[in-house]
Each structure stands twice: as structure tokens, then as C-alpha cells.
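Asker: Can you read through this structure? Questions will come right after.
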Amino acid sequence: MTLKGKSALVTGSTSGIGLACARAFAAEGANVVLNGFGPADEIEAARAAIEAEFGVRALYSPADMTKPAEIAALVGLAATAFGGPDILVNNAGIQHVSPIEDFPIDKWDRIVAINLSSAFHAIRAAVPGMKARKWGRIVSTASAHSLVASPFKAAYVAAKHGLVGLTKTVALELAPHGVTANCISPGYVWTPLVEKQIPDTMKARGLTKEQVIGDVLLQAQPTKQFVTVEQVAALAVFLAGDAASQITGANISMDGGWTAA
Ligand code: NAD
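Structure (C-alpha cells):
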């Protein structure tokens, strides 16, 4: 229970990597704030399960990561309820796959807002409290696409590269204040985000579902295995711990060797 007494706010934590992170922080004793979209009954079940399984408090907010005022209010909720957040995980993210000349302008704006600008707004709101407490951990879910590109993912690749730049800047600013900021860059993790892009990739490249999984997704990953959400969450917990107090401004890959090539 290394995080007892701390609180963790995880954006985009109603499914996939974010939910796994929230559960992993709760397992270490942290109170958590969940955020994201989805069926109300499923979200409530996930929230209640965290409280029941780990004996912590878990709150949920439907704050929309495209709306700066809602992001500030989300951070405010963690402050009011838990005196936090001590740990901020910028994880909400969406994807859209399209050739650049057809890339819908509204999708570009939405991806940049959710995958990049939301982290700026959340960090901006969370930092005063972290500085005052002289302790904080900011972990952002970037991607292998923060280091390398793939065709047809202009907005996603641009936003994830930007997230790393934001993280490095914040790391330097907060280094004297006991606050670290790092990115985790997974390769392909089997989550709804990956599942949902398969039909568009099939269309964009003229491939079958099996070809997309084998020849496009796992083709890039030398281990030929998906990363698991639990593995990403375990790294987030490590970055929140004392052993990671000197890791800051880093972008840590967990991609089965993808970006080693
Ligand atoms: P997911 O679709 O399972 O989860 C995304 C979460 O973001 C959900 O909780 C969703 O409700 C939330 N969300 C989406 N739009 C939102 C908005 N406007 N406001 C608030 N919440 C919103 O996807 P995932 O794979 O778990 O992705 C999580 C993060 O990991 C993303 O940033 C993604 O880019 C990154 N990532 C995923 C993979 C992968 O292979 N799955 C690889 C690298 C990086």
C-alpha cells in the first residue's frame, strides 16, 4: 500500500488503460477520481468495484476533455474531495485514421484537444496544489506514436509528439518542487481504442481484419504480442513511487521493441 493517503486523478479512465491505472493506484491505497464516457451503469459498476475491492474512495466525473472549464472543475473535485490530486494521469485519448487530404478538420481539432490540450489544462490546474504540498506525480499516456509516425494518423501522431514536449517543459519547471512529469509510450495495447480503428484501417489500406491485426498492428511490434493494460498501469504506479523520484522529463517506451528499430 505504497500510495495510502494519496489521491490519483486519471482522465479517460472508464475503460482501457485509464481504468487499469485507476484500479492499480487504488490497489496501492490511493483514492481515485475516474473520468470518461460510457454507459452509466457500467461506469458505476467500475467505480463501486474499486471501492469494494480496494477499500478506498472512488469518485466519477463526466468532465469533457475538450472543455477547459470542465477540466479545471475535475481537478477541483479531486482537491475538494481528497485534497489532491497528488497524482495526475493524463490518459484520455481518441484516434482517427484517414489520409491527410481527407482528414476531417473537426477530427483534427478534437484529437488535438483531447490528446494534447486537455493535458495542458489539467496540469495547469493541478500544479499549484502539487507545488504547495511539495509532492506530485504527472504521468501522461503518450504512445509509440510520440516517437515515430505511421501513415494516416496525422492528428494522433502530432498530438502525441506534442504531449512529450509539454511533459519535458513541465518536468523542468517542476523539478525543484518535488513534482515529476513523465510519459509512458505504449505500443499496441488491446483496448477499445485499438479495436475501433480496425475498420478504418481496413478501408484506408484495403485489408482484411486479420491482415490489419497481423500485418499492420503487430507487424510493428517485434514481440508480436499486444501490451496489456495491467503492464502500463504497473509502470504508472512505479512512476508514482519513491523509487522514481529522480525520473522526470522521460518518455518511457513499453512497445515490444517497436521503436528500437
Ligand atoms: P479507450 O478508448 O479504452 O479509453 C479512452 C478513454 O478516454 C475512455 O475512458 C473514454 O471515455 C475517454 N475519453 C474519450 N474522449 C473523452 C473526452 N472528450 N473527455 C473525457 N474522456 C474521454 O482507449 P485506450 O487504448 O485505453 O487509450 C488510453 C490512452 O492510451 C489514450 O491516450 C491513447 O492514445 C493511449 N494509447 C493507447 C494505445 C493502445 O494501443 N490502446 C497505445 C498507445 C497509447
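Using our numbering, you'd call the opening residue of the sequence shown number 217 and step up by one each time.
Glycine is no exception: its CB is placed at the ideal position from the N, C-alpha and C atoms.
Touching or not, the stretch 286-300 and the stretch 334-346, by the rule of three or more beta carbon pairs under 8 Å?
Answerer: Result yes; three or more Cβ-Cβ pairs closer than 8 Å.
Asker: Do you know whose CA, among T282, A335, A289, lies nearest Y276's CA?
Answerer: Among T282, A335, A289, the Cα nearest to that of Y276 is on A289.
Asker: Classify M281: buried if its beta carbon has 16 or more other beta carbons within 10 angstroms, exposed otherwise.
Answerer: Buried: at least 16 other Cβ atoms inside 10 Å.
Asker: Please determine if the stretch 354-367 and the stretch 252-262 are in contact, where contact requires at least 3 C-beta pairs separated by less than 8 Å.
Answerer: Counting Cβ pairs under 8 Å, fewer than three are found: no touch.
Asker: Less than 9 Å separating the beta-carbons of S469 and G403?
Answerer: Yes, these two residues count as a Cβ contact at 9 Å.
Asker: Kindly indicate which three-state DSSP category Y404 falls into: helix, strand or coil?
Answerer: Of the three classes helix, strand and coil, the one that applies to Y404 here is coil, per DSSP.
Asker: Give me the residue from V226, T464, S314 with the minimum Cα distance to T385.
Answerer: The shortest Cα separation from T385 among V226, T464, S314 belongs to T464.
Asker: If you draw a straight line from the alpha carbon of L488 to that of E411, how long is it in whole angstroms?
Answerer: No information on residue 488 is available, as it lies outside the stretch 217 to 477 that the chain covers here.
Asker: Spatial neighbours of L434 within its chain, please: C-beta separation below 6 Å, excluding the five flanking residues on both sides.
Answerer: So the list reads K440, once near-sequence residues are dropped.
Asker: Determine, using beta carbons only, whether C237 and V291 come nearer to each other than 9 Å.
Answerer: No, these two residues do not count as a Cβ contact at 9 Å.
Asker: Can you tell me the Cβ-Cβ gap for H312 and K323, rounded? I've got them flagged as a contact below 8 Å.
Answerer: Rounded, the Cβ-Cβ distance is 4 Å, consistent with contact.
Asker: Give a single yes or no on whether T383 has its beta carbon closer than 8 Å to a heavy atom of the ligand NAD.
Answerer: Because no heavy atom of the ligand NAD lies under 8 Å away, the Cβ of T383 does not count as near it: no.
Asker: Taking 8 Å as the cut-off, is the CB of N398 close to at least one heavy atom of the ligand NAD?
Answerer: Flag unset: Cβ of N398 not near the ligand NAD.
Asker: Tell me which same chain residues have a C-beta within less than 8 Å of the C-beta of L423, skipping the five on either side of it?
Answerer: Cβ within range, chain order: T417, D431, V432.
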